[in-house]
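Okay, so here's the structure we're looking at.
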Amino acid sequence: MNSVPEDMAPPTPAVDTNGSQAPAEPSEGALWRRLTKTNTAWIFLVLILLVAFFSILKPNNFPTEFNARAIATNAAVLLIIAVGETFVIITGGIDLSVGYVLLFSGVTAAQAMNAFGNPTDRGWDLILLGLLVALVSGLAWGTINGVLVTKAKVPPLIVTLGTLGMAWGMAQILSNGQDIRYIPSLLASVVGAGRFFAIPWLVVIAALVAAAGTIVLRMTRFGRYTFGVGSNEEAARRAGINVDRHLIKVYALSGLLAGFGGFLALAYFTTTTISGHANDNLNAIAAVVIGGTSLTGGIGTVVGTTIGVFIPAILASGFIIIGLQSFWQNVAVGAVLIAAVFVDQLRRRSPER
Amino acid sequence: MAEPLLQARGIVKHYGHVEALRGADFDVFPGEIVALIGDNGAGKSTLVKILSGTEQADEGEIILDGHDIQVSSPLEAQRLGIETVYQDLALAPDLDGAANLYFGREIVRRGPLGRLGFLDDDAMHAGARKAFAELGVDLQNARSPVANLSGGQRQSVAVARSVAWANKVIFLDEPTAALGVVQTGRVLDVIRRIRDRGIPVVLISHNMPQVLQVADRIEVLRLGRRVAQFDASAATMEKLVAAMTGGLDGQGSAA
């Protein structure tokens, strides 16, 4: 395979890729075994059990179309920022800033849309401007995070804790701490409350983002580098991967999705909800970790994150419907989080490794 | 013997006031396994780092195929066809064997999807199966993360990776240091197969019996200089140890 000495940099290892004697692909049985070995399968089982539990307790209230729609709509924005968080955590990093980058982007988008007078009756052109401002705001914060993590070599926990505070403070400075309550009614009625057939647009958008996240993570070079950098950064460097540039892109992606989430939150709540995002970052991180993504990097799935978003959402809804104080939701989610990591550790200590 | 494929001439390297290499020479001939040995601090690692681009020499020249080359970075070394398997492996444990083999050099699909960075996993798995088979590496589950493999299998993946891309020289830094007897035997087999395919292998090792067992030629560094060259057939443990510890000083080249 090295018979071409004049070829200094072969584009592929010089093996032919016709796969002449390709052994059979893993059978379905093997696939099932692989699935059950992953955290995703177990956490999905927990999700099913929760749904079954609440459905049996309150068969007339819990398993309804209305409730399913409410749960999914409430979870949609969180899912979008959790997808970005999944990428960051797979690289072995963390992004604490997403909740307040979301808020900041919502504020700048709302201000941009209010810059030309009362936006209530304005059309898609202004909405598009708002979207653009939200995306750019999120992208900017994400890029700042990435540059500080890679070039200034400040640990991601500290960088994003810092930008969390900065984004929060800047959002309040820009808005004087006052919620901006005017957005184009078209945005609220179509994106915020509208439906595509029976499915709320917010849910459709979140599902598309999650699907795109899975595809990018599983099927592209960007995803492969995300796992590789998180798995062994030094190996990635030696393999010629520009690790810093990749990490900046990943943090920028997380910021971009937070910006997008900020815009959708604006559409959903029809106001900037300045005091309403205190727990977004921790909820996003909890969802990612419940979903089986390893905090040490190298392992994770967007599907798991999606399940990890829905477990707290179902608990919240279920507790309200069975008449428990909603405070119990926090207790339960905390316990699920710890249990998820505990099971993950057990799995890793299994004899196979 | 033919012209050396790779030559290092008068390499000098300082770390502050410490002189790690004091005009070291080194030769690699086509199609041989050459062992680079020396006591701790003799400069083996420094020399390998310089030849594989991790560090730059303060003085001296490196000649590959008759041309002066500047190995300014590991990437440049790889571009020149020089691959190094490091002692600490440098694999991504959560990726499978194929993904590690192609790490940083992934095959993308044809057409517009490829331009978007979509990977051709089938092509990479087929290429990996072939590359592993050629080296006699048996991976039961090619789609399992390499973290799940044994130490010998991991080492074999790392070696296969370098073999797949090297077309000039492969450096192996203590490739069997962490392995058991059986696994060591397999890795040595792999090294011989690489040599048999015409790619010279530089083996950096502390293990004298192993060096005598597998190398065709042995070069000895002492205090930052080459102090002896042996044909493996003419070398004995005593001679090697004498060369490493200074017993041959003044005698010059023994080969």
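The listed protein sequences derive, respectively, from chains G and C.
Using the numbering used here, you'd call the opening residue of the first sequence number 1 and step up by one each time.
Using the numbering used here, you'd call the opening residue of the second sequence number 1001 and step up by one each time.
Heads up, the beta-carbon is just placed ideally off N, CA and C, and yes, glycines get one too.
- Within 10 angstroms of the beta-carbon of N330 (chain G) lie fewer than 16 other beta-carbons, which makes it exposed.
- Cβ proximity to chain G below 7 Å picks out F1103, G1104, E1106, I1107 and V1108 from the stretch 1102 to 1114 of chain C.
- If you check each beta-carbon in the stretch 293 to 304 of chain G against every beta-carbon of chain C, the ones closer than 7 Å belong to G298 and I299.
- The alpha-carbon of D1216 (chain C) is positioned some 13 Å away from that of I1194 (chain C).
- It is roughly 8 Å from the alpha-carbon of A207 (chain G) to the alpha-carbon of A76 (chain G).
- For F263 (chain G), the secondary structure class from DSSP, reduced to helix, strand or coil, is helix.
- When DSSP reads this structure, G1038 (chain C) sits in a beta bridge with C:L1221.
- Residue contact with chain C for I241 (chain G): present (Cβ-Cβ distance below 8 Å to some residue of chain C).
- When only Cα atoms are considered, G308 (chain G) and N176 (chain G) end up about 35 Å apart.
- When the beta-carbon positions are compared, G298 (chain G) and F227 (chain G) come within less than 8 Å of each other.
- A Cβ of chain G is located within less than 8 Å of the beta carbon of P1093 (chain C).
- Residues of the stretch 1018 to 1035 of chain C with a Cβ closer than 7 Å to any Cβ of chain G: none.
- Listed as beta-bridge partners of Q1007 (chain C) by DSSP are C:D1027 and C:I1063.
- Legend: CB atoms of the stretch 1037 to 1067 of chain C lying less than 7 Å from CB atoms of chain G are not found in any residue.
- Between the stretch 192 to 202 of chain G and the stretch 212 to 219 of chain G there are fewer than three C-beta pairs closer than 8 Å, too few to call the two in contact.
- For the set C:G1043, C:V1108 and C:E1003, the Cα lying nearest the Cα of K1013 (chain C) is the one of C:G1043.
- Judged by DSSP in its simplified three-state form, P63 (chain G) adopts coil rather than helix or strand.
- Close to T220 (chain G), with beta-carbon spacing below 8 Å, are these residues of chain C in chain order: L1116, G1117, F1118 and L1119.
- Listed as beta-bridge partners of Q1078 (chain C) by DSSP are no residues whatsoever.
- For I1082 (chain C), the number of other beta carbons within 10 angstroms of its own is at least 16, and it is reported as buried.
- Within 10 angstroms of the beta-carbon of S1150 (chain C) lie fewer than 16 other beta-carbons, which makes it exposed.
- Here A239 (chain G) carries a coil assignment [DSSP, helix/strand/coil].
- In this structure T296 (chain G) is exposed. Its beta-carbon is surrounded by fewer than 16 other beta-carbon atoms within 10 angstroms.
- Positions of the beta strand (DSSP E) runs, each at least 3 residues long and wholly inside the stretch 1139 to 1188 of chain C, are given as 1169 to 1173 in order along the chain.
- With contacts defined by Cβ atoms closer than 8 Å, L1036 (chain C) and I1204 (chain C) form a contacting pair.
- With contacts defined by Cβ atoms closer than 8 Å, S105 (chain G) and G334 (chain G) do not form a contacting pair.
- Under the DSSP assignment, I311 (chain G) falls in the alpha helix (DSSP H) whose first and last residues are V302 to I321.
- By the CB criterion at 8 Å, A1024 (chain C) and G1246 (chain C) fall outside the cutoff.
- Along the stretch 105 to 129 of chain G, there is no position whose C-beta sits under 8 Å from a C-beta of chain C.
- Y268 (chain G) and P200 (chain G) have their C-alpha atoms spaced approximately 11 Å apart.
- Contact with chain G is found for P1074 (chain C), since one of that chain's Cβ atoms lies less than 8 Å from the residue's Cβ.
- Contact check for V1169 (chain C) and V1202 (chain C): beta-carbon distance about 6 Å, within the 8 Å limit, so the pair qualifies.
- Contact annotation: the stretch 88 to 99 of chain G touches the stretch 252 to 259 of chain G, with at least three C-beta pairs closer than 8 Å.
- Interface annotation, R347 (chain G): not in contact with chain C, CB-CB separation never under 8 Å.
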